[in-house]
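Contents: one structure, followed by commentary.
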Amino acid sequence: MNGYNKTGTSTGSLPTFAEMRDHLGDARQNILTVLHATDTSGVNTSDLREQAGIPSDSMSHHMRKLQRWKLVEEIDREYAGRGSRAFVWSLTARGREFCDDGLELPDDLFGEPEDFEALRTEVSELRNDVEAMKKAMVQIAVKAGGVKQETAQEWLSD
Numbered sequence: 007m008n009g010y011n012k013t014g015t016s017t018g019s020l021p022t023f024a025e026m027r028d029h030l031g032d033a034r035q036n037i038l039t040v041l042h043a044t045d046t047s048g049v050n051t052s053d054l055r056e057q058a059g060i061p062s063d064s065m066s067h068h069m070r071k072l073q074r075w076k077l078v079e080e081i082d083r084e085y086a087g088r089g090s091r092a093f094v095w096s097l098t099a100r101g102r103e104f105c106d107d108g109l110e111l112p113d114d115l116f117g118e119p120e121d122f123e124a125l126r127t128e129v130s131e132l133r134n135d136v137e138a139m140k141k142a143m144v145q146i147a148v149k150a151g152g153v154k155q156e157t158a159q160e161w162l163s164d
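For the sequence shown, this note's numbering assigns the number 7 to the initial residue and increments by one for each residue that follows.
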């Protein structure tokens, strides 16, 4: 493979689209498909992993490979749920070209980008609502005397 040795390690130049297609695999194709459907807005690692159906322990491996191929790039970091800040990924110009030329993607796989953005916004709002309800329920339990303050703090930090 041009630019890669037998183990897939870069030897300096980028592989061709045909070479990448041969070594893409379902997981990386799913990642590219999700990113392609989002247009240029980007997707955080947590949402991308979930939407592409990638196990959390292999996500970084796939993203590093796609970065080495210059198909994806980190464009931002954002808080995802209660965790730390997650990378926000987008296709590079080369990645968009690869998806347009190198992947067989249905035209209406995910609907319109605006629909996807509306769903992302709704999911984000629902996550915030769940966190607010959790805090309110813990406060009620503490005020009612059924839970110690220390226990309540542990619940909120989980």
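Yeah, the Cβ is synthetic: ideal placement off N, Cα and C, and Gly gets one too.
Practice item. Please confirm whether glutamine 35 and leucine 109 have their CB atoms less than 8 Å apart. Key: yes
Check your understanding: If we call anything under 8 Å between Cβ atoms a contact, is glycine 49 one with tryptophan 95?
Key -> A small correction: the amino acid at residue 49 is valine; glycine does not occupy that position in the sequence shown. In contact: valine 49 and tryptophan 95 (Cβ atoms closer than 8 Å).
Check your understanding: Hey, which unbroken runs of the alpha helix (DSSP H) at 4 residues or more fall wholly within the stretch 24-83?
Key -> 31-43, 51-58, 65-74
Practice item. Below 6 Å CB to CB, which residues in the same chain sit around isoleucine 60 once its five sequence neighbours on both sides are set aside? Key: Ala33
Check your understanding: By DSSP, does alanine 99 sit in helix, in strand, or in coil?
Key -> helix
**Study point:** Neighbour-count burial assignment, glutamine 159, 16 or more Cβ in a 10 Å radius
**Key:** exposed
Review point. Could you give the distance in angstroms between the alpha-carbon of asparagine 134 and the alpha-carbon of arginine 55?
Key: 20 Å
Point to revise | Identified DSSP bridge partners for arginine 91 | key: Tyr85
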